[in-house]
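In the working numbering, the protein residues as written are 730 to 876.
Here you go:
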């Protein structure tokens, strides 16, 4: 499987709806993924980009699950684009439908989510981060960070 994607990058969207996957993420793709990706709807009004090996692993797990997993599998497939290869520069094309769902215009936040990469509108990402920070501050304190 491809490596763990961590970190956040800001990038632009060109008029033809292309974005560039950061080099730090590109190098995490396994040889089995061969720079191939599946792009689909994300969990937070964003876009999810899976290296093809991670996508196949996720789909395999969902097929073995219950009703909730079956529904997620259907949704991921419904919004998925055809498999595409990252260009040598890391560029990929986003569909008009996913761009609209995610509220993306000229800029994007590209975030590592472990086994997949999410693409956000900067405004929605800022709201999401604010909400997560509030939840974090209510749940954890400095003692939780100690060994």
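Cβ coordinates follow ideal geometry from the N, Cα and C atoms, glycine included.
Since this is a predicted model, take the numbers as computed values, not measurements.
### Query
Around the Cβ of residue 847, are there at least 16 other Cβ atoms within 10 angstroms (buried) or fewer (exposed)?
buried
### Message
Given a cut-off of 8 Å on the beta-carbon distance, is the pair residue 737 and residue 840 in contact?
### Response
yes
### Message
For residue 851, which residues in the same chain have their Cβ closer than 6 Å to its Cβ, ignoring the five residues on either side in sequence?
### Response
836, 838
#### Entry: Per-residue burial, residue 795 [other beta carbons within 10 Å of its own, 16 or more giving buried]
exposed
### Cβ-Cβ distance between residue 731 and residue 783 below 8 Å
yes
### Query
Name the DSSP bridge partner or partners of residue 776?
770, 848
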